[in-house]
Amino acid sequence: EDQVTQSPEALRLQEGESSSLNCSYTVSGLRGLFWYRQDPGKGPEFLFTLYSAGEEKEKERLKATLTKKESFLHITAPKPEDSATYLCAVRENTGFQKLVFGTGTRLLVSP
Amino acid sequence: SQTIHQWPATLVQPVGSPLSLECTVEGTSNPNLYWYRQAAGRGLQLLFYSVGIGQISSEVPQNLSASRPQDRQFILSSKKLLLSDSGFYLCAWSLRGQPNTEAFFGQGTRLTVV
Numbered sequence: 039e040d041q042v043t044q045s046p047e048a049l050r051l052q053e054g055e056s057s058s059l060n061c062s063y064t065v066s067g068l069r070g071l072f073w074y075r076q077d078p079g080k081g082p083e084f085l086f087t088l089y090s091a092g093e094e095k096e097k098e099r100l101k102a103t104l105t106k107k108e109s110f111l112h113i114t115a116p117k118p119e120d121s122a123t124y125l126c127a128v129r130e131n132t133g134f135q136k137l138v139f140g141t142g143t144r145l146l147v148s149p
Numbered sequence: 332s333q334t335i336h337q338w339p340a341t342l343v344q345p346v347g348s349p350l351s352l353e354c355t356v357e358g359t360s361n362p363n364l365y366w367y368r369q370a371a372g373r374g375l376q377l378l379f380y381s382v383g384i385g386q387i388s389s390e391v392p393q394n395l396s397a398s399r400p401q402d403r404q405f406i407l408s409s410k411k412l413l414l415s416d417s418g419f420y421l422c423a424w425s426l427r428g429q430p431n432t433e434a435f436f437g438q439g440t441r442l443t444v445v
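If you're matching them up, the sequences are chains A and B in order.
Per the numbering used here: the first sequence = residues 39 to 149.
Per the numbering used here: the second sequence = residues 332 to 445.
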């Protein structure tokens, strides 16, 4: 069964303190790895899609990278408004190829 | 551009009452549509998906049902709510015929069954 594990569960940073979130996955024949941001009480907001090892995507202070077994979401010089839960998902390689989500990393950036 | 609307945002319903949550997508045709439930501390769980009008697939056995009466309308229903149906329900869409692409989510409905 395809699995997605995110770590850490929660992360507290000071404003400007860079760090990385991890998403490890077990799926044969990756058909896309997806990062989302979710604010409390809101639906997930799409951030990035990565398809192959070595691929990188950037958006403002966020950069997502992909290897054969994991993805990292690097946050450079975070600001308080980056506080949110970050979700990672992969597409199953069988049947409907549904998205399988991790449980997320709760990020809190303090001023 | 495409948008997805989901309502209501919050709902408090007594046990045994019916449920109807609605989701509509604008700006695209023939989307794949999904209903997810998100429990506290857990990942998103896929409940139903649809690849076309009247075509519904269920991922988990439960007290809920889904319908797609129009191309861009997806409805989540229950005849009699249980306490365990409480949760955060999310509707999502993705492009038909492009299975490797991302899904886009609505703002969710917080359902509390009392």
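Yeah, the Cβ is synthetic: ideal placement off N, Cα and C, and Gly gets one too.
Let me know if residue 347/B comes out buried or exposed under the rule of 16 or more other beta-carbons within 10 Å of its beta-carbon. For this step, residue 347/B is matched to residue 16 along the second sequence. Exposed.
Among residues of its own chain, excluding the 5 on either side of residue 385/B, which ones have a beta-carbon nearer than 7 Å to its beta-carbon? Taking the second sequence and counting its residues from 1, the one referred to as residue 385/B is at position 54. Here the set comprises 399.
For a quick check, are the C-beta atoms of residue 372/B and residue 140/A less than 9 Å apart? Here residue 372/B refers to the residue found at position 41 when the second sequence is read from its first residue. Here residue 140/A refers to the residue found at position 102 when the first sequence is read from its first residue. No, the Cβ-Cβ distance between residue 372/B and residue 140/A is not below 9 Å.
What would DSSP say about residue 119/A, mapped onto helix, strand or coil? Position 81 of the first sequence, counting from 1, holds the residue named residue 119/A. Residue 119/A: helix per DSSP, three-state reduction.
So which residues on chain A does residue 437/B lean against when the C-beta distance must stay under 9 Å? Sequence index remark: in the second sequence, residue 437/B carries index 106 (1-based). Those within 9 Å of residue 437/B in chain A are 81.
What residues are listed by DSSP as bridge partners for residue 343/B? Sequence index remark: in the second sequence, residue 343/B carries index 12 (1-based). DSSP lists 443/B as the bridge partner or partners of residue 343/B.
Between which residues of its own chain and residue 115/A is the CB-CB distance below 7 Å, once the five residues before and five after are set aside? Position 77 of the first sequence, counting from 1, holds the residue named residue 115/A. Within the same chain, residue 115/A has close Cβ partners 54, 56, 99.
Under 6 Å Cβ to Cβ from residue 103/A, same chain only, skipping five residues before and after it: list those, please. Taking the first residue of the first sequence as position 1, residue 103/A is located at position 65. Cβ within range, chain order: 94, 110.
Nearest neighbour of residue 361/B, chosen from 401/B, 349/B, 388/B [CA to CA]: Numbered from 1 along the second sequence, position 30 holds the residue referred to as residue 361/B. Cα-wise, what sits closest to residue 361/B is 401/B.
Run through the DSSP bridge pairs and tell me what residue 96/A is partnered with. Sequence index remark: in the first sequence, residue 96/A carries index 58 (1-based). Per DSSP, 101/A.
Mind pulling the chain B residues with CB within less than 9 Å of residue 136/A? Here residue 136/A refers to the residue found at position 98 when the first sequence is read from its first residue. Neighbours of residue 136/A on chain B, chain order: 365, 377, 380, 390.
Contact residues within the stretch 399–423 of chain B, judged by C-beta distance below 9 Å to chain A: Flagged, chain order: 419, 421, 422, 423.
Test: residue 125/A CB closer than 9 Å to a CB of chain B: In the first sequence, the residue the question calls residue 125/A occupies position 87. It does: the Cβ of residue 125/A has a partner Cβ on chain B nearer than 9 Å.
Find out if the Cβ-Cβ distance for the pair residue 135/A, residue 430/B is shorter than 9 Å. Your numbering for residue 135/A matches position 97 in the first sequence. Your numbering for residue 430/B matches position 99 in the second sequence. Cβ distance < 9 Å, so residue 135/A and residue 430/B count as in contact.
Measuring straight from C-alpha to C-alpha, what distance separates residue 333/B and residue 359/B? Numbered from its first residue, the second sequence carries residue 333/B at position 2. Numbered from its first residue, the second sequence carries residue 359/B at position 28. Cα to Cα, residue 333/B sits roughly 6 Å from residue 359/B.
Could you tell me the boundaries of the beta strand (DSSP E) in which residue 400/B lies? For the purposes of this step, residue 400/B is taken as residue 69 along the second sequence, with counting starting at 1. First-last of the beta strand (DSSP E) with residue 400/B: 396–401.
What residues are listed by DSSP as bridge partners for residue 363/B? Here residue 363/B corresponds to residue number 32 of the second sequence, with the count starting at 1. BP columns for residue 363/B point to 425/B.
Just to confirm my understanding: we take residue 437/B, look at its own chain, exclude 5 residues before and 5 after, and list those with CB closer than 8 Å. What are they? Position 106 of the second sequence, counted from the first residue, corresponds to residue 437/B. Closer than 8 Å at the Cβ level, and outside the excluded window around residue 437/B, lie 335, 336, 337, 354, 421, 422, 423.
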